[in-house]
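Numbering-wise (the working numbering), the sequence shown opens with residue 4 and increments by one.
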Amino acid sequence: MDKKWLIGAGLAVAAYIIFMFSTEGGFAANFIAYICLFVIAGQGWNLLGGYIGEISFGHAVFFGIGAYTVGLPIGYGYDLPLFMLVICGALLAGLFALILSYPLLRVQGFPFLVGTFGLGVVMHSIFVNNKALFATRGIFLKSYDKYLLYIIIIVATAAVILFVKWLTEQNIGLSFKAVRDVPIAAQMVGIDIYRTKATALVIGAILTGLSGGLYALYSSFVHPATTFETSISIFILLGPYIGGIGTVLGAAIGSVIVILFQEFSRSVVTISGGHHLLLGLLLVTVMMTSREGIYPGLRKLIMKRLKVKPINKN
Numbered sequence: 004m005d006k007k008w009l010i011g012a013g014l015a016v017a018a019y020i021i022f023m024f025s026t027e028g029g030f031a032a033n034f035i036a037y038i039c040l041f042v043i044a045g046q047g048w049n050l051l052g053g054y055i056g057e058i059s060f061g062h063a064v065f066f067g068i069g070a071y072t073v074g075l076p077i078g079y080g081y082d083l084p085l086f087m088l089v090i091c092g093a094l095l096a097g098l099f100a101l102i103l104s105y106p107l108l109r110v111q112g113f114p115f116l117v118g119t120f121g122l123g124v125v126m127h128s129i130f131v132n133n134k135a136l137f138a139t140r141g142i143f144l145k146s147y148d149k150y151l152l153y154i155i156i157i158v159a160t161a162a163v164i165l166f167v168k169w170l171t172e173q174n175i176g177l178s179f180k181a182v183r184d185v186p187i188a189a190q191m192v193g194i195d196i197y198r199t200k201a202t203a204l205v206i207g208a209i210l211t212g213l214s215g216g217l218y219a220l221y222s223s224f225v226h227p228a229t230t231f232e233t234s235i236s237i238f239i240l241l242g243p244y245i246g247g248i249g250t251v252l253g254a255a256i257g258s259v260i261v262i263l264f265q266e267f268s269r270s271v272v273t274i275s276g277g278h279h280l281l282l283g284l285l286l287v288t289v290m291m292t293s294r295e296g297i298y299p300g301l302r303k304l305i306m307k308r309l310k311v312k313p314i315n316k317n
């Protein structure tokens with residue numbers, strides 16, 4: 004991995020920390036931390052949706068598992084270390100993905116999409132209608148020191164981006180792309196298609212579960228309507244699609260754009276659900292102007308103007 008990525012990540016973290024303390028952890032610092040949660044989740048989705056090419060509409064399930072692993076023990080009166088629960092939530096999300104990988108990854112394309120969507124609907128229904136899971140009142144968590152929490156979120160975001168960048172440059176990352184682009188040839192050279200897809204699904208679920216666990220700490224509240232909701236899956240996948248599916252920076256940039264656009268549209272659109280319509284229009288506009296997404300499209304345009312051939316689209 005190019006040292007520029009390490010330097011860039013370090014500078015971004017340092018700049019945020021300075022900004023956070025200079026604004027005394029105000030609205031802007033809080034909102035950036037919120038955006039970072041979806042950047043992490045977007046990177047998790049992008050491993051499967053971008054690098055493998057299997058579109059999932061069910062990543063809210065892993066997000067919700069991460070959040071509920073943090074909240075449920077607290078709801079039942081167990082005073083456990085919350086950050087330990089965040090790690091456990093990420094691992095449980097990965098374990099759940101591993102269990103699901105056998106039936107889900109035996110199909111591909113549209114059947115896989117429908118399967119993940121159905122999974123999300125079923126899990127949402129289970130959690131929303133189960134009083135034992137605090138469906139009616141939710142779970143309140145103790146508030147953490149906001150400075151510490153924001154720093155943890157920004158460091159986790161930088162670490163996830165660097166990890167995904169590193170992973171996609173390894174042999175397993177090349178296998179992801181081979182399975183997506185030339186599956187028959189990949190199988191002929193000895194790549195296990197199912198195992199490769201399962202690896203992307205499990206790692207992506209762990210990252211999405213991590214995002215959900217951190218979200219629980221960030222909001223100090225866990226409820227199925229805000230963690231297992233289908234709209235969470237849509238927001239997670241829109242980031243990579245708009246920013247640049249199958250690219251690390253594109254997925255990160257897209258997640259930032261989606262959350263910014265969502266908040267902006269909520270403030271200007273008074274019609275119920277109108278901000279979702281505007282997000283859909285944004286996606287259509289991006290796909291019509293640059294099917295690869297904003298980041299690859301801009302990068303190609305800049306390289307064309309500079310008459311430089313891009314080496315690595317990530």
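In this text, a Cβ means the ideal position worked out from N, Cα and C, and glycines have one as well. Everything numeric in this text was worked out from a predicted model, so none of it was measured.
query, result
"According to DSSP, is Ile248 helix, strand or coil?", "coil"
"Assess contact between the region 249–264 and the region 294–308, defined as three or more Cβ pairs (one per stretch) separated by less than 8 Å. Is contact present?", "yes"
"Excluding five sequence neighbours on each side, which residues of the same chain lie with their C-beta closer than 7 Å to the C-beta of Ile235?", "Ala63 and Phe66"
"What are the start and end residues of each continuous alpha helix (DSSP H) run of 4 or more residues lying completely inside the region 140–185, in chain order?", "149–172 and 174–184"
"Expressed to the nearest angstrom, what Euclidean distance is found between the alpha-carbon atoms of Phe8 and Lys134?", "Note on identity: in this sequence residue 8 is Trp, with Phe being the wrong assignment. Straight-line Cα distance between these residues: approximately 46 Å."
"Within the continuous alpha helix (DSSP H) that includes Met126, where are the two ends?", "Phe113 to Val131"
"Would DSSP call Val192 helix, strand or coil?", "coil"
"Report yes or no: do three or more beta-carbon pairs, one from the region 214–230 and one from the region 148–165, lie closer than 8 Å?", "yes"
"What is the residue span of the alpha helix (DSSP H) that Lys134 lies within?", "Note, Lys134: premise wrong, no alpha helix (DSSP H); not H, not E."
"Measure from the alpha carbon of Leu95 to the alpha carbon of each residue in Gly69, Leu309, Asp195 and Tyr218, then state which is nearest.", "Gly69"
"Within a Cβ cutoff of 6 Å, which residues of the same chain sit near Gly74, ignoring the five residues on either side of it in sequence?", "Ile142, Ala219 and Val225"
"Helix, strand or coil: how does DSSP classify Val225 here?", "strand"
"Report yes if the CB atom of Val182 is closer than 8 Å to the CB atom of Lys200, and no otherwise.", "yes"
"Are three or more beta carbon pairs between the region 230–247 and the region 81–101 nearer than 8 Å?", "no"
"Answer yes or no: do Leu107 and Gly118 have a C-beta to C-beta separation smaller than 8 Å?", "yes"
"Where does Thr26 fall in DSSP's three states?", "coil"
"I need the boundaries of the alpha helix (DSSP H) containing Arg308, first residue and last residue.", "Ile297 to Leu309"
"With a threshold of 16 other CB atoms inside 10 Å of the CB of Ile58, please say whether the residue is buried or exposed.", "buried"
"Measuring CA to CA, which of Pro227, Arg294, Val287 and Ile206 is closest to Glu93?", "Checking the sequence shown, residue 93 turns out to be Ala, not Glu. For the residues Pro227, Arg294, Val287 and Ile206, the minimum Cα distance to Ala93 belongs to Ile206."
"For Leu136 and Leu152, I'd like the C-alpha separation in whole angstroms.", "26 Å"
"Please list, in chain order, all residues of the same chain as Gly176 whose beta carbon is under 6 Å from its beta carbon, the five residues on each side excluded.", "Leu170"
"Starting from the Cα of Leu286, find the closest Cα among Ser270, Phe264, Ile305 and Met306 and give me that residue.", "Phe264"
"Identify, in the order they occur along the chain, each residue of the same chain with its Cβ nearer than 7 Å to the Cβ of Glu266, setting aside the five sequence neighbours on each side.", "none"
"Relative to the C-alpha of Val42, which residue among Phe179, Met291, Val167 and Leu83 is closest?", "Val167"
"Helix, strand or coil, according to DSSP, for Tyr105 in the structure here?", "helix"
"So what does DSSP say about Val110, is it helix, strand or coil?", "coil"
"So, is Met23 buried or exposed, given that buried needs 16 or more other C-beta atoms within 10 angstroms?", "buried"
"How about Ser258 and Gly283: are their beta carbons less than 8 Å apart?", "no"
"How big is the Cα-Cα spacing for Asp148 and Tyr81?", "20 Å"
"Does DSSP classify Ser214 as helix, strand or coil?", "helix"
"Can you tell me whether DSSP reads Tyr54 as helix, strand or coil?", "helix"
"Among Lys145, Phe130 and Ser146, whose alpha-carbon lies nearest the alpha-carbon of Thr139?", "Phe130"
"Could you tell me whether the Cβ atoms of Leu240 and Gly52 are closer together than 8 Å?", "yes"
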